[in-house]
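Peer 1: Each residue of the sequence shown is one higher than the last, beginning at 1 in the UniProt record's numbering. Don't be surprised by glycine CBs; every beta carbon is placed ideally from N, CA and C. None of these values were measured; they are calculated from a predicted model.
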Amino acid sequence: MSLRLKTILGVALIEAVLLAILLTLTLNYLRTTNFDGLDQRAFSTSDLFASTVKNAVLSYDLATVESFTQELLRNEDIVYVAVFGEGGQVLSSVGSVPSDHDPSRLEKGSHQVTDGIFDVSSPIAEAGIEFGAVWLGFDLSALNAAIDSAKKWSTLIVVGEMTLVALFSYVLGAYLTQRLSELRRAADDIAAGARDVDVRTDGRDELATVSRAFSNMVAQIKVSEDKAERYHNELAEANATLETRVQRRTQALTEANHQLTATNEQLKNTQEKLVESEKLASIGTMAAGVAHEINNPMGAVSSNLQMCQTYLGTYQTWIERSEALRDGSDAQANQDLEQWKQAQYVECLEEDFRDSLNDALVSVDRVRAIVTALQRYATQLHQEKGSREPILLKQLVTHCLETLAPPETLSITVSASLTDLPQWRVHPDDFRQLFTELLRNAIQACERKPNPEEGQISIAAQQDGQRWVIHVVDNGVGIEAADLKRVYDPFFTTLPVGQGMGLGLTFAYNIVRHHDGVMRVQNRDVGGVVVTLAFPLSLSDQAINETADSA
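Written out as structure tokens, the structure is:
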């Protein structure tokens, strides 16, 4: 299933669920408010009419009673009016008065009406003595028709809105995947041997940044191949000249010259194969890491959306069965519905529904974070560095620790040897990122111990000959021996899925190498890891000043 189709289906499903909930709540609110309004009007009219005819009934003024009933019947939604005296004697009745005057016909609310007429009654009483009653019948056909019309129009609006959303989702999906398709075709062309690959780099979004990084990578490949070809030509020319000289000097060295030429050809072939293998290995490692990182959250999105579909089906079944019971009073059917709700865990559906959607959103954010990390990685490889600035390493490490805010139970020691170091001229942002990544890895390793409260981290520095050497040591869980060779690979991580991008040590390695340094990661015999950084003495202001003085 393509990313475009997944986008359309995902948006459509979410839209359908939200609209179904909104439509149900809106129609229920409309029905409830209209019925409540009718109840209030009916009972108020009945009480008011009873008060109006009370004096006429008490005085047995039938003409006045008849006049009042005729006047009240002129209201369009009142189908009958009846006035009863003592003993149920009919004093006046107009309209479609029911043949029986059984009080059981009276409804407590309009939602209980089954025959389309809301029957209400109010007593005619004076000083606590009841002298009769008035009956009124209200027609509900107009109200029911209005509610049915609202349902029909709401359904049409929902269908139209979902159609437009599907159309816009299709257009959006086509726009978003167009650049990805171009990158895939370009990668296939490069794998086939083409080098004149043109990729659009316009725009300011993440895909445009990746496209520019891809174009830079292709350009670097072409430059590397041109250099290799030039070196090969120069080497061949040198070999030919050397062979000519050797032939002029002595015949005894002819065999040695031939062997040297063969060796050079073999080295050239080996170099070309090694360069190609490194390129393919880097691309394969990055592709495998990105695919693995993206497939996990996308699998969670798919699973949660399927769960939402199941919950929506249960909601629909519940609504249909509830609607079927609204107009009836079958106790057994109500009991069956309650048992069905318990069997389907309807009470828990709302929380599970919300959790599933939240998990899907978290997974989508995870995919966005992966793309951002890939963008950062590509940018770090190709962006130009600014000028170097002087820093004090102890202040920088302290700032990194304050930013990371490690647990108070963790023992972290910054050796006084860092205070004795002179100022270094480096790229400050790079060094902040370098020590942030190293300290974060050490903190995470200590937190994963069975007894994290015993975690210890230390940072120390010293001068070793012509190098500055820094040690970052922890007593955490360590690294598997088989994984030590892969710790610098992009997107390789030993953390559980979702807890790391696998780019921290990759960034650190590139930063150290850019400063002409060496980085080494080793396991300790007593447990934990020691990261060793070695930089040339020329990195410090002191070495720069001494060099200038000697000059």
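#1: Starting from the Cα of F35, find the closest Cα among G517, A133 and F118 and give me that residue.
#2: Taking DSSP as the reference, what is the three-state secondary structure of V113?
#3: Any idea what DSSP makes of V526, helix, strand or coil?
#4: Out of R74, N144, L72 and V158, state which residue places its alpha-carbon closest to the alpha-carbon of A20.
#5: Go through its chain and collect everything with a Cβ distance to G88's Cβ below 8 angstroms, but skip five positions before and after it.
#6: Within 10 angstroms of the Cβ of K273, are there 16 or more other Cβ atoms? Answer buried if so, exposed if not.
#7: Which value, in whole angstroms, describes the spacing of the CA atoms of K54 and V83?
#8: Identify, in the order they occur along the chain, each residue of the same chain with its Cβ nearer than 6 angstroms to the Cβ of R520, setting aside the five sequence neighbours on each side.
#9: Just the Cα atoms here: how many angstroms apart are T403 and N510?
#10: Do V426 and R388 count as a contact pair if the criterion is CB distance below 9 angstroms?
#11: Distance, Cα to Cα, S44 vs K151?
#12: Any contact of the stretch 161-178 with the stretch 138-152, i.e. 3+ C-beta pairs under 8 angstroms?
#13: In whole angstroms, what is the alpha-carbon distance linking A56 and G85?
#14: Under a Cβ-count criterion, where at least 16 other Cβ atoms within 10 Å of its own Cβ denotes burial, should P406 be classed as buried or exposed?
#15: Using the C-alpha atoms, what's the distance from T261 back to A252?
#16: Cα-Cα, which of A482, S303 and L401 is closest to N358?
#17: Please say whether A142 and D205 have beta carbons closer to each other than 9 angstroms?
#18: Which whole runs of the beta strand (DSSP E) in the stretch 134-217 are 3 residues long or more, in chain order?
#19: Buried or exposed, going by whether 16 or more other CB atoms sit within 10 Å of the CB of W424?
#20: Pick out whichever of V65, L73, Q463 and R74 has its Cα sitting closest to the Cα of V90.
#21: Tell me the DSSP secondary structure of D102 in three-state form.
#22: Relative to the C-alpha of S67, which residue among N75, K222 and S92 is closest?
#23: Starting from P390, trace the alpha helix (DSSP H) both ways and give me its first and last residue.
#24: Where do the N-terminal and C-terminal ends of the beta strand (DSSP E) with A461 fall, by residue?
Peer 2: Walking through what the data contain:
#1: Position 35 of the sequence shown, counting from 1, holds the residue named residue 35. Checked all of G517, A133 and F118; the closest Cα to F35 is F118.
#2: Sequence index remark: in the sequence shown, residue 113 carries index 113 (1-based). The answer is coil: DSSP assigns V113 none of H, G, I, E or B.
#3: Numbered from its first residue, the sequence shown carries residue 526 at position 526. Residue state, collapsed to three classes: coil.
#4: Within the sequence shown, the letter at position 20 stands for residue 20. It is V158 whose Cα lies nearest to the Cα of A20.
#5: To locate residue 88, count along the sequence shown from 1; it is residue 88. H101, listed in sequence order.
#6: For the purposes of this step, residue 273 is identified with residue 273 of the sequence shown, where counting begins at 1. Any reading at K273 must be qualified, since the residue scores a pLDDT of 48, below 50, and its modelled position is unreliable; no value is offered.
#7: Translated into the one-based positions of the sequence shown, residue 54 becomes position 54. Translated into the one-based positions of the sequence shown, residue 83 becomes position 83. Taking the straight line joining both Cα atoms gives about 10 angstroms.
#8: Start at 1 with the first residue of the sequence shown, and residue 520 comes out as number 520. Only T532 meet the Cβ criterion.
#9: Within the sequence shown, the letter at position 403 stands for residue 403. Within the sequence shown, the letter at position 510 stands for residue 510. Near 22 angstroms, if we compare the C-alpha coordinates of N510 and T403.
#10: Translated into positions along the sequence shown, residue 388 becomes position 388. Translated into positions along the sequence shown, residue 426 becomes position 426. Cβ distance < 9 angstroms, so R388 and V426 count as in contact.
#11: Within the sequence shown, the letter at position 44 stands for residue 44. Within the sequence shown, the letter at position 151 stands for residue 151. A straight-line Cα-Cα distance of about 29 angstroms links S44 and K151.
#12: no
#13: Here residue 56 refers to the residue found at position 56 of the sequence shown. Here residue 85 refers to the residue found at position 85 of the sequence shown. Their backbone Cα atoms lie some 11 angstroms apart in a straight line.
#14: The residue you call residue 406 lines up with position 406 of the sequence shown. The residue is buried, with at least 16 neighbouring Cβ atoms inside 10 Å.
#15: As a working mapping, residue 252 is identified with position 252 in the sequence shown. As a working mapping, residue 261 is identified with position 261 in the sequence shown. Cα-Cα distance, rounded: 16 angstroms.
#16: As a working note, residue 358 is residue 358 in the sequence shown. S303 is the residue among A482, S303 and L401 whose C-alpha sits nearest the C-alpha of N358.
#17: One-based indexing of the sequence shown puts residue 205 at position 205. One-based indexing of the sequence shown puts residue 142 at position 142. No, the Cβ-Cβ distance between D205 and A142 is not below 9 angstroms.
#18: none
#19: Position 424 of the sequence shown, counted from the start, is the residue given in the question as residue 424. With 16 or more Cβ atoms within 10 Å of its Cβ, W424 is classed as buried.
#20: Your numbering for residue 90 matches position 90 in the sequence shown. When C-alpha distances from V90 are compared across V65, L73, Q463 and R74, the shortest belongs to V65.
#21: Taking the sequence shown and counting its residues from 1, the one referred to as residue 102 is at position 102. Coil, per DSSP.
#22: Taking the first residue of the sequence shown as position 1, residue 67 is located at position 67. Considering only alpha carbons, the answer is S92.
#23: Position 390 of the sequence shown, counted from the first residue, corresponds to residue 390. Segment E389 to I391 is the beta strand (DSSP E) holding P390; no alpha helix (DSSP H) there.
#24: As a position in the sequence shown, residue 461 is number 461, starting the count at 1. Residues Q456 to D464.
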